[in-house]
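Q: Residue numbers (my numbering), protein chains in the order written: chain A, 147 to 236; chain B, 96 to 274; chain C, 26 to 969.
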Amino acid sequence: MLLIRCPWCGEREETEFRYGGQAHIATPRSDVDDASWARFLFHRDNPAGPFAERWVHIHGCRRWFHIVRDTLTHDITRSYLPSESPEDAG
Amino acid sequence: MADSEGMAVRLQSLPQATQVGFRVTLASQMSAANALGIPALPGVNRFIGAGGLLVLWLGPDEWLLIAPDGMVEWESRLRNAIGADQGAVVDVSANRVGFELSGPAARDVLASCCALDLHPRAFGPGGCGQTLIAKAQVILAQTDLETYRILVRPSFANYVAAWLEDGVAGVQGHAKADL
Amino acid sequence: MKRRPSGGLLDRDRALRFSWDGRTLSGFAGDTLASALLGNNVSTVGRSVAQGRPRGVMSAGLEEAHAFAQIGEGGATEPLVRSTGVELYEGLVARSLSIRGVLSPETDSGRFEKRYAHADVMVVGGGPTGIAAALAAGLQGARVVIADEGPELGGALLRDRYLIDGRPAAEWVRAAGLMLAGLPEVRVLPRTTAFAALDQNGIVLAERVSQHLPIADRSGLADRRLWRVRAKQVILATGALERPLVFPDNDRPGIMLASAARAYLHRFALTPERIVVFATNDDAYRTVFDLHDAGVVIAAVLDARDEATGGLPRKARQAGFEIETGAVVTGTIGDQDGVLQAVRVARLAGGGERLVPCDLLAVSGGWDPNLNLHQQRRGATRWDDRLATFLPGAAVPMQTIVGAANGRYGLNDCLVGGREAGLAAAAALGFAGTVVPAPSAGDEAEGEHASVWHITAPDGDESRSFIDLHRDVTVAGVTRALGAGVRHVEHVKRYTLIGTGVEQGRSAKVNAGRAVAGGIGLDFAQVGVSSGRPPAEPVPFALLAARSRGALFEPVRTTPIHPAHVALGAVFEDAGQWKRARYYPRPGEGMSEAVVRECLAVRNGVALMDASTLGKIDVQGPDSAKFLDRLYTNRIGTLKPGRARYGLMCRLDGVVFDDGVVMRLEPNRFFVTTTTGNAGPVMEWMEQHLQTEWPDLRVWLTSVTEQWATVPLVGPRAREVLAPLVVGMDLSKEAFPFMAVKDGVVAGLPARVARVSFSGELAFEVSVAWDQGLALWDALLDAGSAYAITPYGTEALDVLRTEKGYIIVGQDTDATTTPADAGLEWMIAQDKDFLGKRSLERPAMQRTDRKGLVGILPDDPGVVVPEGCHLVADPNEATPMTILGHITSSFVSPSIRRSFGLAMVTGGRARVGQRLYAPMMNGAPAVTIVDPVFYDPKGARRDG
């Protein structure tokens, strides 16, 4: 059971959140070819190690945010707003 | 509702009150505060109680006003202050009901069903948070050293009350095994 | 063993009676079940799992592999409880286990509680290390939780004669306990076992709250309490466990760990008459000194090492004890009950054996740091040659492993290490500045530990040399596993069952790894040991569930009108957590009769239902129309204030997600309804896009599902019923047409009224404040009494909407259904983009052989073909048959007086007119594919 830091509310139990999959996936323009669109819809990274992912504090402030979580250790090294990039310090 | 007055903790239902939810851009937050007669809207995880009003932080652009019923047209007052293109104001008076849990053991009762850290170093009077009591979402606000206000959707009220009553029975040492 | 007349940590004034296998025995307050049995000369406490061999108490704690008992009676009985951890109480009922325990078939009658706790520093283990750590952190002002499985703090200090600061260690423990108790931010949890270490320092504890009390004194108390602790820093002061040695017949009653012999002396005042001590390390010499001082005959001191040069062996020699180095036990001899009588002794190097009579053999194969919690977090371990065991590698983040758990067995090391760990953990969190006492003890210089673990059977028979004493696995068993080609320790574990017992093979793991290494000729350090997983200690499922049972298990959500449904005798169905009235049977009616009556009332008279569970979202802001146009497949922006429109939403992949009604209240304010089940997901979906995709839009959402209670008033007489209840609201067709919405007053209540219909009849959907829902319901019922107004439930609604060919998302659609598949291509706006639109252009979404919505009419109008049935063209085709689709909704229609339904079939409406079959176990009823609208296809009634 993870303890996740909501950038707004602070550290809360995982049960207060809902998972939103890989972060930083830009929606392509609708005139891309079918293969590119399918890749956007259905393909996601699955690294063994640090992974930037989206969560929403669904039972709290209802804000979407990002964390970087190590999929091997579950260590969470960053929690940041969607407007920030994963490389930003903090 | 178990009336446990005189024991180390007491749980009671709160009377119906006016509740107005408002979401507002940074530009109009001061106007909203002015309309409510408070110096500024409360910050993250805090609420302000002033002049019979409670203003609770719910999110970075979202607050909840709780006021005594019928005195002032808070919905329209807030809407006028915020402006139609700077936010939203919604009457949610029926959307949640309130409980009050008070007494020296109130924090212990909440520790039986709520994972939030309510230690004075982490929370304390003036603190408020949206969290879970068992499986139900609630707004939890600490109004004084030993008193908590719990706001919950009416359809979850019986469930939350059952959990709190069970926690009360637990700290008072007359707990039953089964419900 | 015999009870000495005085001594021990017992309350001799409180004799306690208990029952063992039906016999009434007696012990003292302070006894465990195990010590009380030993004190009553019960040496055989059970039979082994596989071979049924007699077994006695082999330890005084966690590592116990033999002494398991069935405790309690009836619904409170618990199987496989470690007797060394059961505190004796008056009236305790216990039974020995023949092979295995028995779960009670009755509901667990105990009360199991859960508590959340938060700590700056969580200290696991209440021995000298843990106490020093907790005291140091606590005195600095940190919030500390310290848990120990024993009834009091002290750990190894309770079983040994140590001095701290020149005084008996017990005095230091007592003083430290008082100091801890006086610190308001320190919580001391005795009788509490940490059994799980979760991510981000979640530590789960099991506390025995009242199970040590006489049953009569437990009233109102929890049996056990589950603690969910979140700690910023964790200090693992979990100590080390003594390891048995493997030799022929090493499992007899009368063989115990050397440290346990001291525990039974010092804590429980129990002594044997003649003892043989079999050592591989210095610590076992404490057993020689202590038992000798208690008057026990030391029959032999065997040390497997070639030399014993540490401080304690030297002292033993100085005191005149004869130490046989290089000597080992090669076997044991028992009496007719199998209880130890004598041991065979020989040189490790080989040679002749001699018999040494004794009634206790104290063995020490070395010490293993207790690292289960560390391993649960995937913490590494490394082999240490000097201590001949696995020590922790780097601690996981925000944890410290200290004291014996870190391979520092000396008491002074423990005290210093614990204190430093406590100070460091506190300092890392900003708590510092208080002077904290620094206790000290004189440690003996410690010699190397022998790497001996197994004494080969002189006769070559390894089938009585037990590695896992609990699971009855021998050296021969491991050899058999290796012979079968099993190599990895985790595989050997599963092949042999080593380490799968309730004690998790604590005392067996290292020896098992060595057996594997030896058997396949590999370096043991590489073979390693099997991993530790939660729970480290068995915990009842009832404790994990805690109070989440019965009414507390799951929320049961009801609407404000629920009491009226109950009073009307409604039969309810679950819609997620909601209770919804399914139908309202009158006396003598079953479901089908009630549903026919309710449907006919809707079609021919007037009826009402409770639709309060519908999701409701308030949408405000200048970009609201733009926002909703991007979400819904159809055009919302053209909607005029005061009007409503049916709306459909897709997921990004183009699959139908939800449908509902969108009402435009004001130019920049909308009121959106969702299906009951999607109230949360639609709100989330909208928020997600506003926050992450379109943060530039000025739109604000508020969930108002439980602000509004909603009652549709439906049927040709609905207007007449509503008319007298409204003030200043023109209900005429012209002033209030289909898909119009008005705010006003109904029955004296502020209300929102919408002309929307899911049944195809004239309908006014009335919404009032949630807490006024019941008043509205009563007023409508009252007003409709002259018209025989009829409450109808979800079952009748399902029939009515099916007659109209209206889908229910999730029933008639699945995770592959596009709007066009559902017959809703007319709702796809061509002149705008919306979520999912690009996906609908993918070739697979355009295929003509996709499944599409159709109606079905069974040939036999009296047969309702069950929902979910497959449809095929040829009922006689050999299996696997070519499946063309399946039935999604199927009922009897009171309006067309026959069975009918909806289906999804390949090719969709191109199959209208075809006859398909629904093969089942008995028969394959034929159905004709028809247009999915069965009633009032022009919508004249709805628009009326």
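We put the CB at the ideal spot given by N, CA and C, even for glycine.
Grab me the residues of Glu100/B's own chain with a C-beta within less than 6 Å of its C-beta, minus the 5 sequence neighbours each way, in chain order.
A: Residue placement at Glu100/B cannot be trusted, given a pLDDT of 45 that sits under 50; the coordinates are not used to answer.
Q: Quick one: does Arg118/B have its CB under 7 Å from some CB of chain C?
A: Output row for Arg118/B: interface = yes.
Q: For Phe761/C, which of Gly135/C, Gly126/C, Asp683/C and Arg668/C has the nearest alpha-carbon?
A: Residue Arg668/C is the option with its Cα nearest to Phe761/C.
Q: Short of 8 Å in beta carbon distance, which residues of its chain neighbour Ala210/B, apart from the five on each side in sequence? Order them along the chain.
A: Excluding positions up to five away in sequence, the list reads Thr226 and Leu227.
Q: List, in chain order, every chain A residue whose beta-carbon is nearer than 7 Å to that of Thr717/C.
A: Neighbours of Thr717/C on chain A, chain order: Trp210 and Pro228.
Q: Which residues of the segment 173 to 193 of chain B have a Cβ closer than 9 Å to any Cβ of chain C? Give them in chain order.
A: Taking 9 Å as the Cβ-Cβ cut-off against chain C, the residues of the segment 173 to 193 of chain B that qualify are Ala179, Asp180, Gln181, Gly182, Ala183, Val184, Val185, Asp186, Val187, Ser188, Ala189, Asn190, Arg191 and Val192.
Q: Could you check whether the Cβ of Met147/A sits closer than 7 Å to any Cβ belonging to chain B?
A: No - not a single Cβ of chain B is within 7 Å of the one on Met147/A.
Q: Taking the beta strand (DSSP E) that Asp55/B falls in, what are its first and last residues?
A: Outside the shown range of chain B (96 to 274) lies residue 55/B, about which nothing can therefore be said.
Q: Taking CB distances under 7 Å as the criterion, tell me whether Pro155/B reaches chain A.
A: True, the Cβ-Cβ gap to chain A drops below 7 Å.
Q: Excluding the 5 residues flanking Thr698/C on each side, which residues of the same chain have their C-beta closer than 7 Å to its C-beta?
A: Same-chain partners within the cutoff: Leu639, Gly640, Lys641, Gly685 and Val686.
Q: Quick check on Glu731/C - is its C-beta less than 7 Å from some C-beta in chain B?
A: Yes - at least one Cβ of chain B is within 7 Å of the one on Glu731/C.
Q: Check whether chain A comes within 7 Å of Gln225/B, counting only Cβ atoms and requiring the distance to be less than that.
A: Chain A, which has a Cβ nearer than 7 Å to the Cβ of Gln225/B, makes this yes.
Q: Quick one: which chain C residues come within Cβ less than 7 Å of Arg248/B?
A: What Arg248/B touches in chain C: Glu731.
Q: Who are the near neighbours of Gly236/A in its chain, counting only those whose CB is closer than 6 Å to its CB and skipping five residues on each side?
A: Caution applies to Gly236/A, whose pLDDT of 45 falls short of 50 and renders its modelled position unreliable; the model cannot decide the point.
Q: Going by beta carbon distance, what residues of the same chain come within less than 8 Å of Ser616/C, once the five residues before and after it are set aside?
A: With the sequence shown as reference, residue 616/C is identified as Met, and Ser is not the correct amino acid for it. For Met616/C, where only same-chain residues beyond five positions count, the Cβ hits under 8 Å are Val596, Arg607, Tyr608, Pro610 and Glu820.
Q: When you compare each of Tyr141/C, Gly163/C, Thr102/C and Met147/C to Ser971/C by their alpha carbons, which one comes out closest?
A: Outside the displayed span of chain C (26 to 969) sits residue 971/C, for which this structure offers no information.
Q: Buried or exposed for Arg175/A, going by 16 or more other Cβ atoms inside 10 Å?
A: Burial call: exposed.
Q: Quick check on Lys641/C: does DSSP put it in helix, strand or coil?
A: Of the three classes helix, strand and coil, the one that applies to Lys641/C here is strand, per DSSP.
Q: For Gln237/B, would you say it is in contact with chain A, using Cβ-to-Cβ distances shorter than 7 Å as the test?
A: No - not a single Cβ of chain A is within 7 Å of the one on Gln237/B.
Q: Three or more C-beta pairs closer than 8 Å, one from the segment 674 to 681 of chain C and one from the segment 747 to 763 of chain C: is that the case here?
A: The segment 674 to 681 of chain C, when compared against the segment 747 to 763 of chain C, does not touch it at the 8 Å Cβ threshold.
Q: What does the Cβ neighbour count give for Gly320/C, buried or exposed, with the cut at 16 atoms within 10 Å?
A: Exposed.
Q: Grouping DSSP H, G and I as helix and E and B as strand, with all else coil, what is Leu20/C?
A: Residue numbering for chain C in the displayed model covers 26 to 969; residue 20/C lies beyond these limits and cannot be assessed.
Q: Using a threshold of 7 Å, state whether the C-beta atoms of Met147/C and Ala40/C are closer than that.
A: Their beta carbons are not under 7 Å apart, which means Met147/C does not touch Ala40/C by this criterion.
Q: Have a look at Ala550/C, Thr504/C, Val564/C and Ala501/C and flag the residue whose alpha-carbon is nearest the alpha-carbon of Gln529/C.
A: Checking every option, the nearest Cα to that of Gln529/C belongs to Val564/C.
Q: With distance defined between alpha-carbon atoms, name the residue in Arg872/C, Val739/C and Arg936/C nearest to Ala898/C.
A: Of the candidates Arg872/C, Val739/C and Arg936/C, the one whose C-alpha sits nearest the C-alpha of Ala898/C is Arg936/C.
Q: Pro891/C by DSSP, collapsed to three states: which one?
A: Coil.
Q: Scan the segment 334 to 372 of chain C and note each continuous alpha helix (DSSP H) run of 4 residues or more that stays entirely inside, going in chain order.
A: Listed in chain order, the complete alpha helix (DSSP H) runs (minimum 4 residues) inside the segment 334 to 372 of chain C are 336 to 343.
Q: Output yes if chain C places a C-beta closer than 7 Å to the C-beta of Ala103/B; else output no.
A: No - not a single Cβ of chain C is within 7 Å of the one on Ala103/B.
Q: Compare the beta carbon distance of Gln732/C and Val187/B with 7 Å and say whether it is the shorter of the two.
A: Yes. Within cutoff.
Q: Leaving out five residues on either side along the sequence, give the residues of the same chain with a beta carbon under 8 Å from the beta carbon of Gly848/C.
A: Excluding positions up to five away in sequence, the list reads Gly830, Ile832, Gly877, Leu878, Gly933, Arg934 and Pro957.
Q: Assuming Ala451/C and Ala167/C make a contact with CB atoms under 8 Å, what is their CB distance in whole Å?
A: Indeed they touch by this definition, with Cβ atoms about 4 Å apart.
Q: For Leu805/C, which three-state DSSP category applies?
A: Leu805/C falls in the helix class under three-state DSSP.
Q: With a floor of 4 residues, list each alpha helix (DSSP H) that falls wholly inside the segment 798 to 854 of chain C, ordered by position along the chain.
A: Entirely contained in the segment 798 to 854 of chain C, the alpha helix (DSSP H) runs reaching 4 residues are, in chain order, 798 to 809 and 819 to 828.
Q: Starting from Leu3/C and walking both ways along the alpha helix (DSSP H), at which residues does that stretch end?
A: Nothing in the structure corresponds to residue 3/C, since chain C is present only between 26 and 969.
Q: Would a check of beta-carbon distances place Val139/B closer than 7 Å to chain E?
A: Absence of chain E from the displayed structure is noted, the protein chains being A, B and C.
Q: Using C-beta distances below 8 Å, list every residue in its chain close to Gly207/C, excluding the 5 sequence neighbours before and after it, in chain order.
A: Answer for Gly207/C: no residue qualifies.
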